[in-house]
Amino acid sequence: MTPAISLDGITKRFPGVLANDDVDLTVERGTVHALLGENGAGKTTLMNVLYGLYEPTSGRIVVDGTERSFEKPQDAIDAGIGMIHQHFMLVDSMTVAENVTLGTEPRKWGGLAIDRDQARQDVVDLCERFGLAVDPETRISELSVGVQQRTEILKTLYRGTDVLILDEPTAVLTPQEIEELLSVFELLTDQGKTIIFITHKLGEAMQAADEITVLRDGRNVGTVDAEATTREELAELMVGREVLLEVETSSYDPGAVTLSVDDLTVTNEQGIDVVSDVSFTVRRGEVFGIAGVDGNGQSELIEAITGLRRPQAGVIELGDREITDDDRRERIDQGMAHIPADRHERGVVMDFDLVENGLLGSQHAEAFVNNGRIDWKRTREHTETIIEEYDVQPPNPDASASALSGGNQQKFIVGRELARDPQLVVATHPTRGVDIGSTEFIHERLLELRAAGVGVLLVSSKLEEVRGISDRLGVMYEGEFVDTVDPEAVTEEELGLLMAGEQPAQEVSADERE
Amino acid sequence: MSESDMLARVKERLRAVLRRSAQTSAVERLLISTAALGLAVLVGTVLILVSGRMTTCTTAAATYFGVGFCYDPVTVFDRLFLGALGDPMNPLFRPLHGEFAPPFRKGWSPFNAAMAVTLRETTVLVFTGLSVALAFRAGVFNIGTQGQLVAGALASALGLLVLAPIVPGGAVGAVLLVPAGLCIGAVAGGLYGAIPGVLKAYADANEVITTIMLNFVAAQFALYLVSNHFQRPGSQVVETVPLPDVGTIPSVVFDPRTNFSLLALAIAIGFGGVIYYLLQYTTMGYELRTSGLQPAGAEFGGVKTKRTIIASLTLSGALGGLGGAMYVMMILGNFQTGVPSYGFDGITVAILAGNNPLGVLFAAPLFGIIKSGSIVIDTATSMPPQLVDVLRGLIVLFVAMPEFFRLIGRRAIADEPSVPNGGDEDA
Amino acid sequence: MRELPSLGRKTLGGVVVLALVGGVLSGFVDKNALSSTLRLSVPIAFAALGGIFAEKSGVINIGLEGHLIISAFVGIYATNLTGNVWIGFAAGVLASTLFAVVFAIVCLEFRADQIIAGLAVWLVALGLAPFLSTVIYESVNAGSAGFDPITIPGLSEIPVLGALFDAKPPVYLMLLAVVGSWYVLNYTAFGRWVHASGENPQALDTAGVSVKRVRYASVLLSGVLAGIGGASLSLSLGEFSGNGQTMVDGRGFIAIVVYLLGNYNPIGTFLSTTLFAGLQTAQIQLQSGYLPSSLVQTIPYITVIIVLAGVGRTRTPDAAGDHYESGEE
Amino acid sequence: MDRRTFVRTLGVTSIAGLAGCTGGPTDNGGNTESTDGGAASVAVVYATGGLGDGSFNDQAQTGLERAKKELSIKTEHSQPSNTSEFSRFQSRYAQSTSPDYDLVCCIGSLQQDPLSDTAPEFPEQRFMLIDGKVDEPNVENYQFREEEGSFQVGHLAGLLTKSGLSTGAASTTDATSVGFIGGKENPLIKKFEAGFKAGVAHTDDAINVTSNYVGSFNDVTSGKEAALTQYSNGVDIIYHAAGNTGTGVFQAAQEAGRYAIGVDSDQSKTESKYADHILASMVKYVNIAMFNAIKGVVEDAFEGGTATTLGLKQEGVKTVYGKTLGSEIPAETKSKLESSKEKIVSGKISVPTDPSNV
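Chains as they are written, first to last, in the numbering used here: chain Z, 33 to 546; chain D, 2 to 428; chain A, 613 to 941; chain U, 35 to 392.
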């Protein structure tokens, strides 16, 4: 049988970067194929080439036995290839049906009007055929991430896709939603569809895929049978060396309370409560983790704590000072460091160089400012220290933030925030998009601060991260704390259930440690 | 070393310079602005020739390729740029023809009347340009500099008329009144700018709309106030009584009747430096710039965004108000309704300057020349002076498309230029 | 039936209330006042509709004023040349469309800053129209034949609303254009693409529709619509006057104000336009009262500010003003 | 041939020229004409509003054209778009050496202030100012009693709205109501308003006068809407003092089938499209002032430092009946106007210059 996709010697070169280097890839029809690799290994670039977003510098693309050249995504779509990006390509203000049919709307009246009824019916039919539950009339902005993803899948199916590419589809899902997604994979392959998905999670690749191709530094370093391989083998292929998969934490010896949140209620822009009556404390010398599926109020909670959003009700105390009504600047002055979730929007000013970014948040600090005059020399020295300590690439303080890769921006932000000599660090997804080496380094720094008696509040959608370095773990679901658990005691399944809103069974206790 | 070797080396050197300059944004900015000016002149030339065939005249102003044209582009641009400087060039100075007479025309003084007009327009444009640039840097689209200028102009005129009887005459009076007038203008402009600031910060009202509306309101309100309460008796136009001499900015070097004061220009240039310093070296400026580039990032960095919006519009308004005070205290000597559109011109100045306060100091004179030169064109050629407005628009248009020039620049650097032949290069 | 799409209901409500207030002030009970309001609305409404298409697709066209100016002049000139008002009208629209082509190329091919390029379009037109007028007519002012009114027998006799059936062609065209734009934006595939192109161009691109083409089409459409507005302005009178800010006199900027106020919805925008035009009509009536006319003339502007402050923010499309290159990550 | 037709023909010729490449200079020799040493040179700085306003500036231009023809002078003119440009144009012409202008004519009250600076700066240059007064030995001033002329047309409007008038294209209503539309609200235009109101009141205190200001001399659209509003409120006759904006008033009169009164020049001729609706015009003989001043210069009789005020008495302002409608106005009305004119000339009636004093 001819393979669904066959890539032959694909090379993609960007100015100064060789993203893909002579990559071969064969995907059989009706199978699930995982593309595994670290960030920056060239997985997404390869798939963008297959999808016609990039033209390859050299190499051949063969679809279903026919050689193709794609100049634009439409060419790939015409060849039966569909792609679901990490950032969903959905128009928030439109409904599911409108998004699914975008660009290929069914028409009536000689093409003068969109046939809305037809569009809705088409989506309903598709849902039934592939067993996907989505209401066609709901606006995207009102849907959970999982359903949005299903909408994306519907979009590609609607266009008659045979080969579905998914870029890190599980990154934002709960364990339960991941399960559901994997069963959707099965339904799709049963009907003859072929699936390629990008991931950097070993377990997932092994669980969901029939075959796994590992990319490293833009090269294909091996294709293995998912049944036959081991985690260790894959990890070694990915990183090129043996990897320690566990983070070691030192002894847990918490001190006084540094952050106390009491009955906090926060509303979103529409005036709806997205955080309801949340209470918890973070002590000096401890890492308090918050787990939960994205969009369950974590970001609003963090914004309220860090002073970026005014809470509706409740009390926040930092040390022994109430800071509920303090603004952002006063909180910074009180020793609250914050690694924000969205580095492009908040963490760095993209058009500033690194020196100017080094000052962000310290523009009133006496260390850098005399009587309103900024001491750029001292700021530059400070920036150079961060760059060196956190191995920010390129090590050029005059480079603009936008010239840095996401991982390096993140390292810079972490370096700047942790250098504040804080009493509390509020870290949101601190290692998102950062390579394994730097992730280790950032974790080490957070643990060092913990050892030095700083309180750390950690939010992450990476379960292994929050479980790995937290001392206590609060689980959020729909704006409430479902439970606070011992991360070492709880199993992944139990955690998944909590994240899905199941009330905790009383038995989850210290006895059940693995 | 052979000639072709040398040529290749010079070209390589040149290309390296170009390559390096393509990286430094200030130089690039300058190159692009110059190229935009050049291209605008080129398009303008075509326009002049075409319109010279569209109209009818008895004698041709110029003949090119055996075709007569009613307007001569050479004369037009000569009048536009040199006329605005009071014709400095000596007609006998023709270096291209190997004649090196003194470059400046005999009897030409840099302190001539045309130059005074150019510089006094420049002075006001520096203020309005700074006003717009500052707001833009803070991410606030202040279209209301015009209204703020009117508010400042009116307030300083009325304020000085109230104060004049109180202070003594002579130098002492001037020392007291001139700064007072400027301050009143700045405060009034600032307060008027604060209105859209407050509306934006606390009512989320789009500042583009509110400032456009407030421009109309300012003009009408000034008309009401002056015509109903401060009308100069016996005058046929809506204006206040003239300011006493001690309330006007004393002219330096230039003839007092030219209504231009070097002192005012010096103050304007000083403000350019001050605003530059403010933006680059102070916490306030840093916060303004941060909010302008990335509001969410500014919020993250502890910038009080609402306060920054209000502060930037207030400051921007104050600069506009100062421009108005200058207009009243230097150019008019009283307040009259029908204030020229300095505020809108400030937008073009700021755009050409890339919103850089020091850039404003270079862009303002260009538009000063254009404004002053358009008068010379009207009186010295038969060309309708509105052409100058077209040129101004074209300059702005071309400045808006740096990518176009980069493309050309890149091509010039990358491609081996098709060398025509060596012989062309000698003098 | 679905609710009116993408329309802040609060905004619409506010505008409707204020349009009514404006209406009452101007004596909407009066057919003449309504006629006057409709006539004053024409150039503003067309320019605003054009602005909606451009900005909803992600290209802010701040140069609407320029499109009005150039089409106003060319309309008169071509009418003189051909002796036919409709040909003149078409030529005016064509001139404005050519400006839109230049604007689109500059923005979409050379990635120009849309605001600056839009201002440039305005400045060029502001100079070019009186320049050409002077070259051709030796005066910044020019006259030609103009449109004749079309009166629909019977219907025009209806009290008040009879104004809708007794007007010059531009007024009818305006009513058609408002409904047509509303229909196109909400019920056709093109309208949906325009929306997607302004909100999430990547979504549209990956769905296989060229963002560039949609944006080109939208900008050209904005040129066409604004051109109709400008040609209507001058040809309703058979006059072009080019001194100062020309006869357009800021109407293109008011157009931006009204579509922001109408939250990019053609119907809401039309209501905002009539609010503004109604207040203009009303202020003429109010001048005869005790307030000095200079103060009365500020009423429309101050009202807009108050409405805006009361109704609150208008949400611009997410990608408006941003350049989009296919294949960009 | 009236100006508009002339202008249109010009436009047609020129585009034909473009298409057929026959435009451009008619004398294709390309040589600049040598300056004729004998002829006097005159420069004119027009008022904002520009040529083609069918009113003030055009009226001034007819004086210039006449001088050109009869005195064979050379002329140059400019049309500033902004008041701040006046002083620059004035001094530009004053400075000019080729040609060295014998006279610089400054049209419009807004030029008074700039000229009071410019004139002393160039004591050798001769200036003439219309609608203002600058006390300098090198300036000849001409001012007009617009209120007197306006009084006359106010009287006319008052009489006709009372007696009623019906002509082919237009008619009055039963109501007795007249209106005034001004451009920008300034003291000069208020003189027109004051005179008009006084003239109406002189006819009958009971006649209603509505007055509106459009806020611009260029906004034809708004002028038309304001006039239509007045007509729909029952106004029979509108007198405008609004420059270009006034064209809108005539259009409104045409649409509403009512009457209007023109200003500055005989607008039944300059705006002949609307002659069926223009009862009369309050002509301000700016052209005569222009011609006389130029003639004075040519004949070396320039009288610097003088201020000539031209009222009804000097025939500087005058009511000129419309070329079409003039014959429809009853002789009785005309004779009443004659008698009120005599009273003004003799000082028996004093006409106010501020509308609030009416």
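C-beta atoms are modelled at their ideal positions from N, C-alpha and C, and glycine is treated no differently.
Please report whether the beta-carbon of residue i lies at a distance below 8 Å from any beta-carbon of chain U.
{"i": "D/Ala114", "result": "yes"}
Exposed or buried, which one is residue i when buried takes at least 16 other CB atoms within 10 Å?
{"i": "U/Ser256", "result": "buried"}
{"i": "Z/Thr523", "result": "exposed"}
{"i": "Z/Gln535", "result": "exposed"}
{"i": "Z/His119", "result": "exposed"}
{"i": "D/Lys201", "result": "buried"}
{"i": "A/Trp698", "result": "exposed"}
{"i": "Z/Arg161", "result": "exposed"}
{"i": "Z/Tyr509", "result": "buried"}
{"i": "Z/Trp141", "result": "exposed"}
{"i": "A/Gly662", "result": "buried"}
{"i": "D/Lys107", "result": "exposed"}
Report yes if the C-beta distance between residue i and residue j is below 8 Å; otherwise report no.
{"i": "Z/Asp385", "j": "Z/Pro429", "result": "yes"}
{"i": "A/Thr885", "j": "A/Ala702", "result": "no"}
{"i": "Z/Leu490", "j": "Z/Val306", "result": "no"}
{"i": "A/Val752", "j": "U/Gln113", "result": "yes"}
{"i": "D/Gly171", "j": "D/Gly322", "result": "no"}
{"i": "D/Gly190", "j": "D/Gly325", "result": "yes"}
{"i": "Z/Val514", "j": "Z/Leu527", "result": "no"}
{"i": "Z/Glu497", "j": "Z/Thr463", "result": "yes"}
{"i": "D/Phe101", "j": "D/Met327", "result": "no"}
{"i": "Z/Ile17", "j": "Z/Leu39", "result": "The question about residue 17 of chain Z has no answer here: the residues shown for chain Z are numbered 33 through 546."}
Which residues in the same chain have their Cβ closer than 6 Å to the Cβ of residue i, if we skip the five residues on either side of it in sequence?
{"i": "D/Gly84", "result": "Gly374, Val377"}
{"i": "Z/Thr411", "result": "Val387, Gly390, Leu391, Phe400"}
{"i": "U/Asn326", "result": "none"}
{"i": "Z/Arg499", "result": "Pro519"}
Take residue i and list the residues in its own chain whose beta-carbon comes closer than 7 Å to its own, dropping the five residues that flank it on each side.
{"i": "D/Ile276", "result": "Leu131, Leu135, Pro358"}
{"i": "Z/Ser125", "result": "Arg171, Ser173"}
{"i": "Z/Ala431", "result": "Asp385, Leu386"}
{"i": "Z/Ala151", "result": "Ala129, Thr133, Glu137, Pro138"}
{"i": "D/Phe336", "result": "Ala154, Leu155, Ala158, Val227, Glu240, Thr241, Val329"}
So, does the CB of residue i fall closer than 8 Å to a CB anywhere in chain A?
{"i": "U/Tyr247", "result": "yes"}
{"i": "U/Val41", "result": "Model confidence at U/Val41 stands at a pLDDT of 41, short of 50, so the residue's coordinates are unreliable; what they give is reported in the following sentence. Taking Cβ atoms only, chain A reaches closer than 8 Å to U/Val41, which makes this a yes."}
{"i": "Z/Pro47", "result": "no"}
{"i": "Z/Leu134", "result": "yes"}
{"i": "D/Leu388", "result": "yes"}
Hey, is residue i's beta-carbon within less than 8 Å of any beta-carbon in chain B?
{"i": "D/Ala297", "result": "Although the question refers to chain B, the structure presented lacks it and instead comprises the protein chains Z, D, A and U."}
Does any heavy atom of the ligand HEM sit closer than 7 Å to the C-beta of residue i?
{"i": "D/Ile276", "result": "In the structure shown, the ligand HEM is absent, as is every other ligand, since no ligand is present at all."}
Taking residue i and residue j to be in contact with their CB atoms under 8 Å, please state how far apart those CB atoms are, rounded to whole angstroms.
{"i": "D/Val389", "j": "D/Leu81", "result": "7 Å"}
{"i": "Z/Ala258", "j": "Z/Ala288", "result": "Contact doesn't hold; Cβ gap of about 50 Å is too wide."}
Taking 8 Å as the CB-CB limit, is residue i close to chain D?
{"i": "Z/Gln442", "result": "no"}
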